[in-house]
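Following: one structure in structure tokens, then a few remarks.
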Ligand SMILES: Cc1cc2nc3c(=O)[nH]c(=O)nc-3n(C[C@H](O)[C@H](O)[C@H](O)COP(=O)(O)OP(=O)(O)OC[C@H]3O[C@@H](n4cnc5c(N)ncnc54)[C@H](O)[C@@H]3O)c2cc1C
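Numbering (our numbering), first residue to last: 171 to 628.
In structure tokens, the structure reads:
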């Protein structure tokens, strides 16, 4: 029989979920002098374990000035990514440094540092729902063993990943409760395998774009360069449109290749990835949302670890100021939104437009575009780092290729570049206070719906 207790415990901040988002938030708050509680439903030795490609760009770590993975936390060094066309005839090489991490060890590094500085971590605790009083989140209901308890706090953080355990139970009129349209998610599955032969150029990750193999997504081959023969191989498909299961596609089209013959399965697993613009607001009264729970993922490549930590960083700054001033309102926490939209959200919103465009191209269009170098390697780098598709690049391509086989594709590309730019500027103009959010939000919704009707035609 479960007992319901009103806990005497009270905190300044309760963080629900100790994945990379929650763990890094605890790390950023560790020296704030406030009483912080970090909860996860997993036992400590499994915390950080989540199906992932394990790739992270070095630029995120540099920007956040956090310790880079080392020793056991590091499974590979990355020098760049090769992107292959659908028929694998064309290859773009985009250079840039990064890491293949041991996701468990790297996540736990932040938790351990936080614990050393006084953050309380509790494992095997399930967060059930938010406690809401007078329009403010003022605690959470948790299940701890056989007991159901209330924990009181000034600010609650939802870092429960795509489950969004707390945010989805907030009132509909709160912007943090915005649901994920299944079409704005990728369903991804990956395996870690040990190949029989060493891998060529193990510091180069490979991405294969093909609608036949990975409709609305891509498949990847990410070697762990520091563990000879080990590779993370996975596949993502767009959700909500009746696509086949990614595991079926991976086995059918990828693992059937010679390179995987007699390879050893080390582990497998999958999860949905939100691939859209961020939540319209990461904060509300006494509440904040970070990481996958706030849709802080790159919509084109689906990488979310770096941006999860970035959202944690922005929220940490706002939370410390709010606690110092004794004001936990959305208005006070708002600076987290300004910080995130400027650092990453604006780029995410532009890439969301690009993602929708890419998802409706045929393999023939993609092959043609890459072969003709309509967008070149260096442009791809700019798109992925900044969310800019330079109009000048597109105009040059238009002049070169107008009248050739696919003028409609080029016209579309020009429109896409314009909408990306518009969306980015709109997000960079994010409102200064919550009262202005509804007008801003209806503006973004309008840009998206016009883009869908005029360019995507859906
Ligand atoms: C197959 C796949 C490949 C990917 N590849 C990459 C990649 O190569 N690079 C990259 O950057 N990103 C990648 N991503 C995305 C990346 O994994 C996520 O964006 C990132 O891990 C999100 O971190 P998070 O902390 O927000 O969420 P999560 O890692 O999901 O953490 C959420 C935590 O909350 C806990 N939790 C959930 N519910 C409750 C509850 N009720 N009570 C208490 N605790 C709870 C969970 O146990 C978990 O520890 C990939 C995703 C998938 C699915």
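C-beta atoms are modelled at their ideal positions from N, C-alpha and C, and glycine is treated no differently.
Measure the CB-CB distance between residue i and residue j and report whether it falls below 9 Å.
i	j	result
residue 389	residue 406	yes
residue 401	residue 392	yes
residue 211	residue 296	yes
residue 195	residue 329	yes
residue 465	residue 444	yes
residue 356	residue 387	yes
residue 457	residue 327	yes
residue 248	residue 398	no
residue 254	residue 429	no
residue 359	residue 415	yes
residue 439	residue 191	no
residue 455	residue 305	yes
residue 207	residue 187	no
residue 375	residue 225	yes
residue 510	residue 470	no
residue 579	residue 531	yes
residue 495	residue 447	no
residue 292	residue 308	no
residue 182	residue 325	yes
residue 492	residue 451	no
residue 345	residue 627	no
residue 595	residue 526	no
residue 250	residue 264	yes
residue 189	residue 223	no
residue 298	residue 335	yes
residue 597	residue 516	yes
residue 221	residue 404	yes
residue 600	residue 513	no
residue 204	residue 617	no
residue 262	residue 540	yes
residue 256	residue 533	yes
residue 467	residue 503	no
residue 275	residue 239	yes
residue 518	residue 408	no
Have a look at the DSSP bridge pairing and note the partners of residue i.
i	result
residue 314	295 and 317
residue 323	181
residue 393	401
residue 306	303
residue 228	Answer is none; residue 228 lacks a bridge partner.
residue 197	Residue 197 pairs with nothing; no bridge assigned.
residue 408	356
residue 361	403 and 438
residue 263	252
residue 376	252 and 391
residue 328	186 and 459
residue 290	207
residue 247	269
Please classify residue i: is it buried, with 16 or more other beta-carbons within 10 angstroms of its beta-carbon, or exposed?
i	result
residue 619	exposed
residue 303	exposed
residue 339	exposed
residue 520	buried
residue 573	Below a pLDDT of 50, predicted positions are generally treated as unreliable, and residue 573, at 45, falls in that range; the measurement from the model is reported next regardless. By the neighbour-count rule (16 or more Cβ atoms within 10 Å), residue 573 is not buried but exposed.
residue 638	Residue 638 is absent from the model: the chain starts at 171 and stops at 628.
residue 343	exposed
residue 472	buried
residue 171	No answer about residue 171 holds up, because its pLDDT of 46 lies below 50 and its placement is not dependable.
residue 449	buried
residue 506	buried
residue 371	exposed
residue 286	exposed
residue 381	buried
residue 235	exposed
residue 319	buried
Nearest chain D C-beta to residue i closer than 9 Å, yes or no?
i	result
residue 356	In summary, chain D is missing from the structure at hand, where a single protein chain is found.
Exercise. Using 8 Å as the threshold, is the region 473-487 in touch with the region 412-424, meaning 3 or more CB pairs across them?
Worked result: no
Exercise. Which ranges does the alpha helix (DSSP H) cover as unbroken runs of at least 4 residues, wholly within the region 502-556, from first to last along the chain?
Worked result: 505-510, 516-529, 533-541 and 547-556
Exercise. Three or more beta-carbon pairs under 8 Å between the region 229-243 and the region 268-280, yes or no?
Worked result: yes
For this session: List in chain order: all unbroken beta strand (DSSP E) runs of 3+ residues lying wholly within the region 413-500.
Result: Counting only runs of 3 or more, we get 434-444 and 457-459.
Problem set entry | Given 8 Å, three or more beta-carbon pairs between the region 279-287 and the region 199-211 | yes
Exercise. Touching or not, the region 425-435 and the region 362-376, by the rule of three or more beta carbon pairs under 8 Å?
Worked result: Flag = yes, the region 425-435 and the region 362-376 touch.
For this session: Report yes or no: do the region 606-621 and the region 529-545 share at least 3 C-beta pairs separated by less than 8 Å?
Result: no
For this session: Would you check if there are 3 or more beta carbon pairs closer than 8 Å linking the region 312-326 to the region 228-235?
Result: Proximity of the region 312-326 to the region 228-235 falls short of the contact definition, fewer than three beta-carbon pairs being nearer than 8 Å.
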